[in-house]
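**Q**
Residue numbers (the working numbering): 61 to 238.
#1: Give the list of continuous beta strand (DSSP E) stretches no shorter than 3 residues that lie fully inside the segment 130–202.
#2: Taking C-alpha atoms, which residue in 139, 109 and 124 lies nearest to residue 132?
#3: For residue 195, tell me which candidate among 211, 206, 228 and 177 has the shortest Cα-Cα distance.
#4: In this structure, does DSSP put residue 97 in helix, strand or coil?
#5: Does the count of Cβ pairs from the segment 154–166 and the segment 86–104 closer than 8 Å reach three?
#6: Quick check: the segment 118–135 against the segment 67–82, are at least 3 beta-carbon pairs closer than 8 Å?
#7: With three or more C-beta pairs closer than 8 Å as the rule, is the segment 212–227 touching the segment 132–145?
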């Protein structure tokens with residue numbers, strides 16, 4: 061009778077170990093695919109967000125000097141946003157991606173957003189750009205400089221204003237969530 065009880069316990073332990081090994085194998089296979097899907101979703105959501113930026117800037121330009129639009133909730137859980145008054149661009153960079161989003165160093169257009177994947181060793185990133193050169197003079201807080209925003213727990217809020225201009229309109233962006 062004792063041998064039967066011992067055999068039952070041995071079988072129970074072995075089946076438990078086999079079950080845990082199978083769970084470990086499934087997780088090892090599934091985790092990279094889950095992370096890849098998260099990266100792809102993050103890039104696609106960023107493209108959508110930048111298209112909202114472009115819509116707001118286009119509305120401000122179309123409606124003339126003095127016009128104002130708001131982006132009340134710009135969520136950044138990862139990446140960096142650069143408003144570059146020197147080059148009249150808005151650039152969003154997502155780094156630490158598991159794989160390149162597209163073929164590296166090839167520009168792809170998604171509406172007005174130009175996307176370029178970068179691959180440096182094992183590090184992958186995506187740079188998404190809205191370019192307003194020769195369209196408007198883009199400034200941040202009234203100045204032609206570069207302003208960097210990093211990922212934050214709370215959403216950013218931005219105000220976009222058409223300040224008018226002689227040959228080309230001046231569009232000023234300010235963070236209004238401060």
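C-beta: ideal position from N, C-alpha, C; glycine also. None of these values were measured; they are calculated from a predicted model.
**A** By the coordinates alone:
#1: 140–144, 149–157, 167–170, 173–180, 183–191 and 197–200
#2: Within the chain shown, residue 132 is the residue found at index 72, counting from 1. Out of 139, 109 and 124, 109 has the C-alpha closest to the C-alpha of residue 132.
#3: Counting from one through the chain shown, the residue named residue 195 turns up at place 135. The candidate whose alpha carbon is nearest that of residue 195 is 228.
#4: The residue labelled residue 97 in the question sits at position 37 within the chain shown. Helix at residue 97.
#5: yes
#6: no
#7: yes
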